[in-house]
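Here the structure is laid out as structure tokens; the discussion comes afterwards.
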Amino acid sequence: MGGKPQSILKNRCSRTRGRAAAGVLDVPDHSSCLEMPLRYRRTTAGVFSALLAVTLAVTAQPAQAHGQLATTTAELTVEPNQVQGLTVVQGDGYATLAWSPVDGATDYQIERTAVAADGTTGTPVIVGVWRPNRQVNNSEPTFADAGFVPGNRFQWRVRARFGTEAQPYSAAVTDTTRSHWGDPAVPGQNLRTQWETALGAQYTSDVNEYAYTAAIDELSERVRVVEIGRTIQNRPINMFVIGYPTPPATPEAVAATNPLLVNCNVHGNEPGDREACFIMARQLAFTDDPATLDRLSKSTMLILPTINGDGRAANSRGNSTGQDLNRDYSLIRQPETQAFVEMVRDYRPIASYDGHEYGNTNTGDLPMLPPRHQNVAQGIFDGSQDMIEGHMYTQGAKDGWWACPYGCTGANVGLGEETILRNTLGLKNVINSLLELRSSGGPTRPDEGNTANNRRRKTYSALWTFQQFLTYHTANLGDITSARAEAITFQSANTGRIVFRGSRPIEAYPAPHPGDTPPPLDAPREDQILDQPPCAYKLTEEQYHGARTDGPSGRQTTVAQRLAAHGWKVIKVADGYLVPLSQPERGLVPLLLDGQAAEGLVAGERIAPTLTGTHNGPLTVSGVACLAGATVRGPIRVQPGGTLIVNGSSINGPVDASGAAGFVLTASTVSGPVNATGSRGPVVLVGNKVSGPVNVVNSAGDAALVAGNTVNGPLNCTGNSATPVNLEVANSVSGPKFQQCARL
Amino acid sequence: MIDTLPLTATPARRATTLAGAALAVLIAAAGCTGPDSARDGGTPAVAPRAVSVTGSLCDQLPADGEPGSPDSLVGQPADQALGWIPVLTTFEAAVRATGLAEELTPTADVTILAPTDDAFAAKFSRSHLDELLLHDTDTLRGLLRDHLVSGALPVAELVSAGTVTTLAGTDLAVTAHGDGARLDVRGDGDHADAHAETVCADYRAAGARIHVINQVLGTLPTTAGDEDDHPAH
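Order-wise, the sequence lines are chains A and B.
Residue numbers for the first sequence follow this note's numbering, beginning at 1083 and rising by one.
Residue numbers for the second sequence follow this note's numbering, beginning at 16 and rising by one.
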């Protein structure tokens, strides 16, 4: 991981977003970079000045700079339209070529020639075609050449073309590429996957995966491998938990570090990302690179190489039943997706990438897409777009990888299905992106008829993406956690319409970058919109606990089990089970429980608010009360067995619940104390302003959620059967925080 | 074998100590790039046989000295050898899914006409392929048997024979095509015009010849050709 590619001789357009550069450099833009749209940025961009960037780079790596000079000044005669200033910088499994643009060029061809140990050269091959839609700044063309056998030595040349008319080649640059990562003499670093050993002729089998995984687990203190579940055919589903100097010991402790997640291989016949995950796990486990270790000290990386082990072994898209698991992350009919969702519930990643391969030959190297479902909180969508367009497009332009929006050739893909992980995770308040690896070389990588070349390009482009993801994540932890906190608070407030299916629009990225054909609009139809959200859904005993027929034979799960896997709050009431919308995954609740849902789980009964206006005087709750946008001038008392759900209301008086079946208070203002004593079911307090003490004591149910509240007074939690949690959304408490709430 | 899972060997517990042999295959060895596939020969005094494969695709497949080179597959069981030819992932998975490996043992020499992944993708939609691999393995087995011929026949012998019969009973007319062969399904049924050409012929494995071909033979209908060929993420 050490030695990120850096341009030395050229005034590279180091467009670093302001907040990413915070604390490093934040200087006005005097460079000649093309102005790039910064639509999703929330802070003003700061850009390295070209001069400063060059100075810094040379200071940092003088040896490399000298090497570059030696190779690029070899040939001094200049022909008309000849490419000048060609440089090469090595990455992990790729080589970044950069050159000065030629006026009038319509594209460029990249030629690679093998150089043997004795200096003899092989047959030159055109391995790449650079086109203007490849990167966001055409003034600094780059191309990540990949597919070669790592460690081999090559010579590269680049030439411009005017239409079909080829111009003279540049002077050649020669360099040795990086070998498979890791010193063969250093234990741990010397591990290799089956895919690496076979030079891409074979993928890493399940058996080899387990041995490799166990070896990393055993040899690295930074890595703990946990089995999060088993496939239908009983293959273990392992996850690398990686931190520095050691990963936190429990899921709850990991969650407190704002972890990031890579899901590597959901479709068994799309294994390219999985191989990258194995290599990255080894790098993180054994690297000495201080920057990487610093990142691992700030967060925890979760790498899930094989969620679909049965499909990988069978080379099928689906799992062993044929179910496409990426159409099952909301419904979780399958053991694999259930294990995944439970892991998300327990480890609480706040950012994620989901790896795939894509059969469209005309797309970019790395199609990406954010969670678009309209129920996803705006900040999660914006943050995901910032990661993709703000970071990946910019870094891709530096390193030569062509990241682009999924569906950029007009294919009707990338929509709002909540069954797809991209959307499911967005609805779970996770900033995330789809990652596709273009299956074939396509017109821009003409040397991939060789299957091994093709596989290597795909895997090393995925490795680049995941490395960039880690970099982005730790550099933007503050913004990501803020967006997540806002999203959790927003969802818990249960405000605004519900959309059953339909996506946010994604504008075309300004030409020449692809986006001339952006992802399809996918706006919701009128009949897919519910303007007045219910307060909760009520399920009957049969709906909640009844046997189901969906899911693999002998392994079917009930609605109760699935909602528990999602981590949802459910209130047992006299005639059934209430699922309040005012909880962190509110956007997903109706998509499973409403009769109007596109792919629902069960048609629950919509429970409308019972009070939306003003109530003067005391309010006593014995059954179920739901206040939405209400004003109560007087105290509220919830009697034992009663349920109170309050969203966006104002209460002038104490709120006192004793032995409540459920107590949910969100986005509300309370003048007076709030007491939840001896609750039998869920306790949810999110995003409230309370003038007075808050007490959560002796609750019998699952952990109370106490998050994002402003409490003018003390916060006291004692005697609860489970320690209350805040999902890393801090409360602002003017008084002391006692006992079980001391760290909330 | 990829499809056998040692459930007792649960990975990922720090307490477990890796067996030396298991670890050894994982460790990079300087100067040695591939697995030790030569050991199947077992006769160190004999120089490796130079296997000559022919066809337009051969240049794109593992070459001399690389893992999966034609020489390295001589003496390997046929199903193992298939796993080293990188364009045969679908065919290889199909062999495992159907348990056909037993018919590919050296006790009964066999010629394997193995369609490439591209050929399978051009023949079957993705969901149909999943259906064959996961559920309809009887049909898939029948399809594979239409790609097997008794006897380990070099491509030149296939051509000189003029006609061969697959294990499924289909007659194939064989004619020379460049250095390789063209195979035409004989008969007057719906599939009378089905044909394939060898694109890299004359791989040798234990008791087997493997000829990589560019079309799927057999009698199953073509289902490729719509959006399901490349389903969205």
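Just so you know, even glycine gets a beta-carbon here, dropped at the ideal spot from N, CA and C.
Can you tell me whether DSSP reads A/Asp1561 as helix, strand or coil? A/Asp1561: helix per DSSP, three-state reduction.
Return the CA-CA distance between A/Gln1822 and A/Asn1802, expressed in angstroms with no decimal places. Taken atom to atom, the span from the alpha-carbon of A/Gln1822 to that of A/Asn1802 is near 8 Å.
For A/Asn1444, tell me which candidate among A/Tyr1475, A/Gln1456, A/Gly1489, A/Tyr1411 has the shortest Cα-Cα distance. Ranking A/Tyr1475, A/Gln1456, A/Gly1489, A/Tyr1411 by Cα distance to A/Asn1444 puts A/Gly1489 first.
Could you check which residue in A/Ser1402, A/Gly1508, A/Ala1785 has the C-alpha nearest to that of A/Glu1808? Correcting the residue identity first, residue 1808 of chain A is Asn in this sequence and not Glu. That would be A/Ala1785, whose Cα lies nearest to the Cα of A/Asn1808.
Specify, as a first and last residue, the run of the beta strand (DSSP E) that B/Leu198 falls within. Following the DSSP letters along the chain, one finds B/Leu198 inside the beta strand (DSSP E) bounded by residues 195–200.
Taking any Cβ of chain A, which residues in the segment 119–150 of chain B have a Cβ under 7 Å from it, in chain order? Under the 7 Å Cβ criterion, the segment 119–150 of chain B contributes Arg141, Asp145, Glu146, Leu148, Leu149, His150.
Between A/Gln1721 and A/Val1703, is the Cβ-Cβ spacing less than 9 Å? Contact: yes.
Determine, for B/Gly83, whether the minimum Cβ-Cβ distance to residues of chain A falls below 9 Å. Between B/Gly83 and chain A, the shortest Cβ-Cβ separation is below 9 Å.
At a CB distance below 9 Å, what residues from the segment 219–248 of chain B approach chain A? Give them in sequence order. Identification of residues in the segment 219–248 of chain B having a C-beta nearer than 9 Å to some C-beta of chain A yields Glu242, Asp244, His245, Pro246, Ala247, His248, given in sequence order.
In chain order, what residues of the same chain have a beta carbon less than 7 Å from the beta carbon of A/Gly1354, not counting five sequence neighbours either side? Excluding sequence positions up to five before and after A/Gly1354, its CB lies within less than 7 Å of the CB of Glu1439, Leu1519, Arg1537, Lys1540, Thr1541, Ala1544, all in the same chain and listed in chain order.
Which residues does DSSP list as the beta-bridge partners of B/Ser165? Residue pairing of B/Ser165 in beta bridges, as defined by DSSP: B/Val125.
Beta carbon proximity, B/Arg111 to chain A, threshold 9 Å: Cβ-Cβ to chain A under 9 Å: yes for B/Arg111.
Helix, strand or coil for A/Val1778, going by three-state DSSP, please let me know. Strand at A/Val1778.
Strictly by DSSP, which residues pair up with A/Asn1514? According to DSSP, A/Asn1514 bridges with A/Ser1434.
Less than 9 Å between the C-beta atoms of A/Leu1509 and A/Glu1500, yes or no? Their beta carbons are under 9 Å apart, which means A/Leu1509 touches A/Glu1500 by this criterion.
Any beta carbon of chain A sitting closer than 9 Å to that of B/Glu117? No, B/Glu117 does not count as interfacial toward chain A.
What would DSSP say about B/Leu182, mapped onto helix, strand or coil? Reduced to three states, the DSSP call for B/Leu182 is coil.
Same chain, Cβ closer than 6 Å to A/Ala1685, five either side skipped, listed in chain order: For A/Ala1685, where only same-chain residues beyond five positions count, the Cβ hits under 6 Å are Gly1677.
How many Å lie between B/Thr69 and B/Asp217 at the Cα? Taking the straight line joining both Cα atoms gives about 7 Å.
How would you write the range of the beta strand (DSSP E) that A/Pro1487 sits in, first residue to last? Residue range 1485–1487 is occupied by the beta strand (DSSP E) that includes A/Pro1487.
For the beta strand (DSSP E) holding A/Ser1753, just list the boundary residues, first then last. Here the beta strand (DSSP E) through A/Ser1753 covers 1751–1753.
Going by the beta-carbon positions, is the gap between A/Leu1827 and A/Val1815 smaller than 9 Å? Lying before the first or after the last residue shown, residue 1827 of chain A is absent from chain A, which here runs from 1083 to 1826.
Determine the direct distance from the alpha carbon of A/Pro1587 to that of B/Asp94, and round the result to whole angstroms. So the two alpha carbons sit approximately 49 Å from each other.
What number of angstroms, rounded off, separates the C-alpha of A/Leu1497 from the C-alpha of A/Pro1453? One C-alpha to the other measures close to 9 Å.
Please check the pair A/Ile1432 and A/Pro1327, which I expect to be a contact at CB under 8 Å, by giving their CB distance rounded to whole angstroms. Wrong, their Cβ atoms sit about 22 Å apart, outside the cutoff.
By a C-beta neighbour count over all protein chains shown, 10 Å radius and 16 as the cutoff for buried, is A/Pro1764 buried or exposed? Under this definition A/Pro1764 is a buried residue.
Once DSSP output is grouped into helix, strand and coil, what is the label at A/Gln1166? The DSSP-derived three-state label of A/Gln1166 is strand.
Closer than 9 Å, CB to CB, is A/Glu1518 near chain B or not? For A/Glu1518, the answer is yes, since a Cβ of chain B falls inside 9 Å of its Cβ.
When you compare only the Cα positions, how much space is there between A/Pro1666 and A/Ser1574? Roughly 5 Å between the two C-alpha positions.
Quick check: the Cα distance between A/Cys1617 and A/Pro1662, rounded to an integer number of angstroms? Computed Cα separation, rounded: 6 Å.
Per-residue contacts from A/His1438 into chain B (C-beta, under 7 Å): Counting only Cβ-Cβ distances below 7 Å, A/His1438 has contacts in chain B at His248, in chain order.
DSSP three-state call for B/Trp99: helix, strand or coil? Correct three-state label for B/Trp99: coil.
Which partner residues of B/His226 appear in the DSSP bridge assignment? Bridge partners of B/His226: B/Leu128.
Quick check on DSSP: helix, strand or coil for A/Gln1191? Judged by DSSP in its simplified three-state form, A/Gln1191 adopts strand.
Could you please give me the residues that DSSP links to A/Thr1702 through a beta bridge? Looking at the DSSP assignment, A/Thr1702 forms a beta bridge with A/Arg1719.
Give me, in chain order, the residues of the same chain whose beta-carbon lies closer than 6 Å to that of A/Arg1762; leave out the 5 immediate sequence neighbours on both sides. Cβ within range, chain order: Ala1743, Ala1782.
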